[in-house]
Amino acid sequence: MSSYDLIVLGSGPGGYVAAIRAAQLGLKTAIVERENLGGICLNWGCIPTKALLRSAEIFHYMQHAGDYGLTAANISADIDAVVKRSRGVAKQLNQGVTHLMKKNKITVHMGDGKLLAANKLAVTKDGKTEELTAKHIILATGARARDLPFAPADGKRIWTYRHAMVPPEMPKKLLVIGSGAIGIEFASFYNDMGAEVTVVEMLDRIVPVEDAEVSDFLEKALTKQGMTIMTGAGVNSLKAGATGVTAEIKAKDGTVTKSEFSHCIVAIGIVPNTENIGLDSLKVETDRGFLKTDPMCRTNVPGLWAIGDITAPPWLAHKASHEGVIAAEAIAQALGNKDVHPHAMNPLNIPGCTYCHPQIASVGLTEAKAKEAGYKVRVGKFPFIGNGKAIALGEAEGFIKTVFDDATGELLGAHMIGAEVTELIQGYTIGKQAELVEQDFMQTVFPHPTLSEMMHESVLGAYGKALHF
Amino acid sequence: MPIELKMPALSPTMEEGTLAKWLVKEGDSVSSGDILAEIETDKATMEFEAVDEGVVGKILIPEGTDGVKVGTVIALIQGVDEEADRTAGGSSQTPNNAPAPKAAAPAPVAAPAPVSAPAAAPALAPKGDRVIASPLAKRIAEQRSVDLTGLSGSGPNGRIIKADVEAAQGGVAKPIVASAPVAAAPAPAPLQLGDIATPHEVAKLSNMRKTIARRLTEAKQTIPHIYLTVDVRLDSLLKLRTELNASLEGRGVKLSVNDMLIKALGLALVQVPKCNVSFAGDQLVEYKRADISVAVSVPNGLITPIITDANSKAISAISTEMGDLATRAKDGKLQPHEYQGGTASLSNMGMFGIKQFDAVINPPQGMIMAIGAGEKRPFVIDDSLQIATVMSATGSFDHRAIDGADGAQLMKAFRELCETPLGLVA
């Protein structure tokens with residue numbers, strides 16, 4: 027029986043990062059994975075979708091080559107080749123994680139892991155079971171797509187994100203149920219690739235966790251791109267046939283219509299992977315199915331830790347990775363390392379990015395949430411049309427909005443929509459983490475010509491000092 | 045089980061101090077009353093006495109360590125009946141349920157002043173070092189009048205962040221209420237001297253120097269001072285002093301002019317109680333007794349030991365007490381209650397030949413008397429020019445609390461007590 031200081035169950039962006047950090051701190055570390063090192067993020071999530079979206083983006087540019095004085099003739103998309111490229115990207119990164127495990131001397135046990143006790147794990151592979159023990163165990167088993175109760179995904183006509191990433195064929199007429207980050211990204215991808223896309227969202231606006239102005243802007247932009255957006259709507263029934271799906275959709279005004287689609291993507295949320303990993307006997311506390319942890323990622327069972335998508339939201343890869351570092355450092359500290367100082371994460375400083383077209387990025391409180399929390403806010407908003415670089419790029423759509431606490435100058439939130447905003451949001455995130463106030467942002471020199479100048483202008487605008495608008 | 049020696053709180057408001065010197069080493073036997081270490085607070089160096097008997101097992105905080113928080117375990121003492129090899133945290137499985145170090149401060153916690161108000165001053169005791177805080181934490185602290193100097197930060201490298209300030213407001217450390225006698229002045233920003241071309245040496249500020257800098261800055265920035273000067277004929281007082289000293293010779297007591305001036309100021313303050321006050325925001329505290337803080341210069345600084353109840357003490361008693369306080373002040377051995385409090389101050393620069401000066405008020409007190417040199421001067425007496433021994437005395441008054449006319453009344457009473465000094469011994 028092998029014994030370790032730490033075993034990490036699950037090798038997604040939470041688990042493999044936790045293992046690396048623990049190994050750096052001198053812990054004898056093992057990682058258990060049932061499928062692919064790197065988990066969903068790298069194999070079936072964040073990364074391969076970005077590869078797909080990049081193809082869609084280039085396709086879009088080629089179709090609009092004339093806008094830039096260029097000619098591109100006989101343009102077409104080969105979905106198989108696009109998917110093949112995406113799988114190649116995932117494979118390359120998967121090999122990268124394998125290398126990182128080796129480099130950090132982390133033992134990889136492939137197989138299904140199941141807790142036998144808080145410090146004991148059975149790993150089963152091809153019918154053979156091996157028992158491992160550890161002083162501490164981190165659970166990082168992640169989550170999977172939630173199914174519609176009346177129409178589980180079949181992979182043929184009804185897809186989850188996972189099927190949508192390796193489509194058997196290019197959908198002609200696509201129904202996307204749910205307009206969170208995953209739903210909207212696939213809607214945007216297939217729309218750009220030429221499918222006729224309908225998005226059905228139960229709430230009164232799409233991307234409902236974002237600022238309301240961002241939702242409004244995105245809805246207009248997607249509608250302009252030819253997408254059909256139905257908010258405040260629900261799918262009453264969904265039936266898959268040989269050539270497509272029939273959906274009964276109840277619109278906002280109450281009218282119910284039957285529509286035919288070639289395919290449907292269900293993106294209505296996730297469920298945590300908490301089954302069959304031995305949690306029941308250990309009496310691990312949960313909240314709506316997700317494991318309850320303290321700010322250092324401890325569960326209620328001593329020696330048992332949890333990070334990432336099996337814990338509280340937001341369910342984002344970078345949140346999982348950050349928790350992996352916190353947990354690894356807290357474990358090293360518990361084992362006597364006095365040089366590590368794990369710091370709890372502030373959930374309001376976790377940025378979120380959605381790679382639709384136009385992109386969305388945000389951090390902190392929306393304007394509405396800030397007002398709800400009792401803040402008197404100052405809001406700044408700067409449009410892409412006022413930025414030289416945006417115009418030169420031919421991407422003059424979008425805006426950057428900042429929300430400040432009038433009393434203290436604290437940046438409560440930042441909300442962006444437009445080209446490349448996912449690369450900009452970290453500037454505000456650093457500012458929030460360092461607790462900068464409006465003056466610090468104002469006194470920062472932003473390089474010209476860049477999209478980042480809009481971040482400066484938005485802050486200036488919140489205080490009535492915007493220069494270019 | 046070893047006894048944990050913890051950093052003692054040598055005053056009610058002390059949060060941390062410098063472990064200046066260990067007077068014992070590992071392996072030394074100590075018994076109750078032995079001096080273990082010298083601990084420097086913001087005002088004084090204090091002795092840390094043993095209460096238990098035993099052997100010094102391990103010294104955990106080396107001497108010269110700054111900023112040791114109260115309650116930090118600084119050493120371990122093995123009880124006399126323990127074997128030497130049972131060192132700290134050894135095989136003993138007994139939970140350490142008696143961590144309270146009986147070797148605590150020499151219990152000087154007696155209330156220093158008759159009424160509670162003057163205790164507000166040490167509540168502002170600073171950590172001293174530059175405050176490292178996020179811009180947001182600084183702004184919130186400023187808006188809510190939270191003193192950052194006393195807070196410990198939970199951010200990177202001990203940086204104070206918003207959450208720390210908000211926690212402090214929850215009661216951990218003192219938001220300075222609006223009615224406090226002295227509002228928190230921001231710590232003076234360290235001057236960036238850049239490269240100094242002139243040959244020089246750089247010395248780290250002592251805790252006392254930091255306190256002096258902070259308190260004087262506060263006083264001058266927050267208290268509107270007014271200054272009232274009188275010339276006082278000292279001939280009668282000097283004559284009385286000679287006579288008293290002659291009669292006290294057998295008792296080994298020798299009165300100084302300063303001892304008599306302390307008494308005079310004490311009496312004057314009781315006669316003019318409107319000057320024996322503290323300005324406290326929306327309140328005015330009027331003291332019923334005169335406790336005089338007397339400025340004593342000590343190596344590298346200044347401290348103000350207190351003659352309590354100076355108005356009713358005999359001058360001889362004042363003299364004896366002052367001698368003892370001054371000696372111990374110079375050795376840095378004053379107890380906090382001996383220098384914290386006071387209702388007014390007296391500063392005498394006469395011995396340096398200073399003719400007249402304006403002193404800075406020692407908050408939260410309402411006034412300070414600055415004494416110049418007594419010297420022979422041409423003086424008009426009964427319309428004729430004569431020679432008299434005269435000193436100039438200048439009272440600095442907190443004009444928020446004390447009107448000019450009341451200050452003048454005090455100066456008049458002080459002058460009369462000095463010029464007709466029998467009142468001092470009555």
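Here the protein sequences line up with chains X and F, keeping their order.
Heads up: the first sequence is residues 27 to 495, going by our numbering.
Heads up: the second sequence is residues 45 to 470, going by our numbering.
The beta carbon of each residue, even a glycine, is placed where N, CA and C say it ideally should be.
- Interface annotation, residue 122 of chain X: not in contact with chain F, CB-CB separation never under 8 angstroms.
- The beta carbon of residue 103 of chain X sits closer than 7 angstroms to those of 85, 219 and 220, all from its chain and outside the five residues before and after it, given in chain order.
- For residue 421 of chain F, the enclosing beta strand (DSSP E) stretches over residues 419 to 425.
- For residue 457 of chain F, the nearest beta carbon of chain X is not closer than 8 angstroms to its own beta carbon.
- Residues of the segment 446 to 463 of chain X with a Cβ closer than 8 angstroms to any Cβ of chain F, in chain order: 460, 461, 462 and 463.
- CA-CA distance, residue 205 of chain X to residue 35 of chain X, rounds to 31 angstroms.
- Cβ-Cβ separation between residue 408 of chain X and residue 483 of chain X: approximately 4 angstroms, consistent with a contact (criterion under 8 angstroms).
- In this structure, DSSP gives residue 203 of chain F a state outside helix and strand, which the three-state scheme calls coil.
- Residues of chain X with a Cβ closer than 7 angstroms to the Cβ of residue 205 of chain F are, in chain order, 461.
- Residue 414 of chain X sits exposed, since fewer than 16 C-beta atoms from the chains shown fall within 10 Å of its C-beta.
- Within the DSSP secondary-structure output, residue 244 of chain F pairs in no beta bridge.
- Taking the beta carbon of residue 435 of chain X as reference, the chain F residues within 7 angstroms of it are 183, listed in sequence order.
- Closer than 8 angstroms to the CB of residue 320 of chain X there is not a single CB belonging to chain F.
- Sixteen is the threshold: when 16 or more other Cβ atoms of the shown chains lie within 10 Å of the Cβ of residue 383 of chain X, as they do, the residue is buried.
- Residue 284 of chain F carries a helical assignment under DSSP once its states are collapsed to helix, strand and coil.
- In the same chain as residue 94 of chain F, and ignoring 5 residues on each side of it, the C-beta atoms closer than 7 angstroms to its own belong to 74, 75, 76, 77, 78, 80 and 147, in chain order.
- For the options X:427, X:45 and X:293, the alpha carbon positioned closest to that of residue 131 of chain X is the one of X:45.
- About 5 angstroms separates the Cβ atoms of residue 299 of chain X and residue 168 of chain X, confirming a contact at the 8 angstroms cut-off.
- Fewer than three pairs of CB atoms, one per stretch, sit closer than 8 angstroms, so the segment 437 to 450 of chain X makes no contact with the segment 256 to 273 of chain X.
- Shortest Cα-Cα distance from residue 321 of chain F to any of F:387, F:262 and F:312 involves F:387.
- Only residues of its own chain outside the window of five on either side were considered, and among them 375, 377 and 389 have a CB closer than 7 angstroms to the CB of residue 455 of chain X, listed in chain order.
- Straight through space, the alpha carbons of residue 83 of chain F and residue 468 of chain X are spaced by roughly 46 angstroms.
- Taking every protein chain shown into account, the CB of residue 90 of chain X has fewer than 16 other CB atoms within 10 angstroms, so this residue is exposed.
- Here DSSP, grouped into helix, strand and coil, assigns residue 269 of chain X to coil.
- The beta-carbon of residue 187 of chain F is placed less than 8 angstroms from the nearest beta-carbon of chain X.
- In this structure, residue 229 of chain X lies away from residue 216 of chain X, with their beta-carbon atoms at least 8 angstroms apart.
- Residue 85 of chain X sits in a helix when the DSSP states are folded into three classes.
- Per DSSP, reduced to three states, the secondary structure at residue 112 of chain X is helical.
- By the CB criterion at 8 angstroms, residue 292 of chain X and residue 179 of chain X fall inside the cutoff.
- Residue contact with chain X for residue 178 of chain F: present (Cβ-Cβ distance below 8 angstroms to some residue of chain X).
- Here DSSP, grouped into helix, strand and coil, assigns residue 105 of chain F to coil.
- Using a Cβ-Cβ cut-off of 8 angstroms, residue 466 of chain X counts as an interface residue toward chain F, since at least one Cβ of chain F sits closer than that to its own.
- One thing to note: residue 254 of chain X has its Cβ no nearer than 8 angstroms to the Cβ of residue 281 of chain X.
- The C-beta distance from residue 414 of chain F to residue 403 of chain F rounds to 4 angstroms, short enough to fall under 8 angstroms.
- Taking C-beta separations shorter than 6 angstroms and ignoring five residues to either side along the sequence, the partners of residue 457 of chain F in its chain run 312, 315 and 316, following chain order.
- By the Cβ test, the segment 48 to 55 of chain X is in contact with the segment 352 to 365 of chain X, since at least three Cβ pairs between them sit closer than 8 angstroms.
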